[in-house]
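A.B. asks: Residue numbers for the sequence shown follow UniProt numbering, so the first one is 1 and each next one is one higher.
Even for Gly, the Cβ is constructed at its ideal location relative to N, Cα and C.
Since the model is a prediction, treat every value here as computed from it, not as a measurement.
Pasting a structure here, questions to come.
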Amino acid sequence: MLRAPFPWLPALDALFPELLWLLCVALMAGVVDAAVGGGGLVQLPGLFTALPQQSPAALLGTNKFSAMFGTATACWRYARTVRFPWTPVLLAAATAFVFSFLGATAVTLLPRDLVRPLILGLLIAMLAYTLIRKDFGALHRPRTLGRADLAIALAMGAAIGFYDGLFGPGTGSFLIFLFIRFFGLDFLRASAASKVVNLATNLAALSFFVPAGHVLLAFAVPMAAANVLGAVIGTRLALRGGTPVIRKLFVALVAVLIAKMGWDTFAGA
């Protein structure tokens, strides 16, 4: 039996079945996340199913490690092709980085059962608003940004960053919605802008998970490669399909989020 010289790398024969499954999961998560966000909805359940013996912290850290590389790839590909206002995006990313770390440290202070119903209500309102306003995110309406817009970007980054560190599900969807609502972006540009902020929150989370040893590198590294490949496929799909495709994927993803969060909220009640 071949044994690896590293304590975090188990025997290859024991590793292979779970790793093969997780590579498929990471590939699909990369596609979904690059196109419209929400890759965690695919990847996290896959990790918890394949590695039930591992601690939740280790699985969360492994998910963030893998997702960071896919998000960085999507961010780079979008930035080369799609134009969006960098100033508010970078401001939001900066505050998101700081508040994501704060959110991660506050996990033990605020019970998640109190957060879930609030997020469920926000998701339902967001979906209703998108469906009622048929032109929402259909057109790119750039405008001159003032101080109020920059303040909104800072507040948006702080709120989304804290939420991502504390709880997480739907972060990409909230970012897309807010970039459309407050900055006049269409779905394609909003999806591209959201990747910059998501990258910042992933880096902030990893600044906690990696030093604490909560990353299973034997799984995280190959999953990161699969996530990158998925991100390439997802961004190509989004760039070719444009706003109409991303809007449909966005509505579908938010509906799935509502169903999952509704089940988690009321099934355990």
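So what's Arg83 in DSSP terms, helix, strand or just coil?
C.D. replies: Coil, per DSSP.
A.B. asks: Cα separation between Phe177 and Met126?
C.D. replies: Roughly 7 angstroms separates the two Cα atoms.
A.B. asks: Note down the Cα distance separating Leu229 from Asp135, rounded to an integer number of angstroms.
C.D. replies: If I take the Cα positions, the gap works out to 32 angstroms.
A.B. asks: Would you say the stretch 184-203 touches the stretch 60-79, given that touching needs at least three Cβ pairs under 8 angstroms?
C.D. replies: The stretch 184-203, when compared against the stretch 60-79, does touch it at the 8 angstroms Cβ threshold.
A.B. asks: Could you pull the start and end residues of the alpha helix (DSSP H) that Gln43 belongs to?
C.D. replies: It spans Gly40 to Ala50 - the alpha helix (DSSP H) in which Gln43 sits, taken as one unbroken run.
A.B. asks: Measure the C-alpha to C-alpha separation of Leu120 and Ile258 and round it to an integer number of angstroms.
C.D. replies: Leu120 and Ile258: Cα-Cα distance of roughly 6 angstroms.
A.B. asks: Rank Ala226, Ala128, Gly46 and Gly40 by C-alpha distance to the C-alpha of Glu18 and give the top, closest one.
C.D. replies: Out of Ala226, Ala128, Gly46 and Gly40, Gly46 has the C-alpha closest to the C-alpha of Glu18.
A.B. asks: For Ala158, which residues in the same chain have their Cβ closer than 6 angstroms to its Cβ, ignoring the five residues on either side in sequence?
C.D. replies: Hits under 6 angstroms: Thr95 and Phe99.
A.B. asks: Is the beta carbon of Phe209 closer than 8 angstroms to that of Leu22?
C.D. replies: No.
A.B. asks: Within a Cβ cutoff of 6 angstroms, which residues of the same chain sit near Met156, ignoring the five residues on either side of it in sequence?
C.D. replies: These residues qualify, in order along the chain: Ala92 and Leu178.
A.B. asks: Have a look at Tyr78, Ala58, Gly168 and Leu150 and flag the residue whose alpha-carbon is nearest the alpha-carbon of His214.
C.D. replies: Of Tyr78, Ala58, Gly168 and Leu150, the residue nearest in Cα terms is Ala58.
A.B. asks: Where does Pro88 land, buried or exposed, given buried means 16+ other C-beta within 10 angstroms?
C.D. replies: By the 10 Å Cβ count, Pro88 comes out buried.
A.B. asks: Three-state secondary structure (DSSP) at Lys260?
C.D. replies: Three-state DSSP puts Lys260 in a helix.
A.B. asks: Anyone know if the C-beta pair for Gly37 and Ser194 falls short of 8 angstroms?
C.D. replies: Closer than 8 angstroms, so yes.
A.B. asks: By Cβ distance, which residues of its chain are closer than 8 angstroms to Leu123, with the 5 residues on each side in sequence left out?
C.D. replies: Correct list, in chain order: Gly170, Ser173, Val254, Leu257, Ile258 and Met261.
A.B. asks: Please state whether DSSP places Gly161 in a helix, a strand or coil.
C.D. replies: Correct three-state label for Gly161: helix.
A.B. asks: Could you check which residue in Val82, Leu145 and Met28 has the C-alpha nearest to that of Leu239?
C.D. replies: It is Val82 whose Cα lies nearest to the Cα of Leu239.
A.B. asks: By the DSSP assignment, the alpha helix (DSSP H) with Val196 in it spans what residues?
C.D. replies: That run of the alpha helix (DSSP H) goes Phe187 to Phe209.
A.B. asks: Which two residues bound the contiguous alpha helix (DSSP H) that contains residue 314?
C.D. replies: Limits of the chain in this structure are 1 at one end and 269 at the other, which puts residue 314 out of reach.
A.B. asks: Tell whether a beta-carbon distance below 8 angstroms holds between Ala106 and Leu145.
C.D. replies: In this structure, Leu145 does not lie closer than 8 angstroms to Ala106 by Cβ.
A.B. asks: Using a threshold of 8 angstroms, state whether the C-beta atoms of Phe162 and Gly241 are closer than that.
C.D. replies: No, the Cβ-Cβ distance between Phe162 and Gly241 is not below 8 angstroms.
A.B. asks: With a CB to CB cut of under 6 angstroms and the five nearest residues on each side skipped, what residues in its chain are close to Leu154?
C.D. replies: Excluding residues within five positions, the ones whose Cβ falls inside 6 angstroms are Leu91 and Thr95.
A.B. asks: Comparing alpha-carbon positions, which option in Asp164, Thr235 and Leu44 lies nearest Thr73?
C.D. replies: Looking at the Cα atoms, Thr235 is the closest of the given residues.
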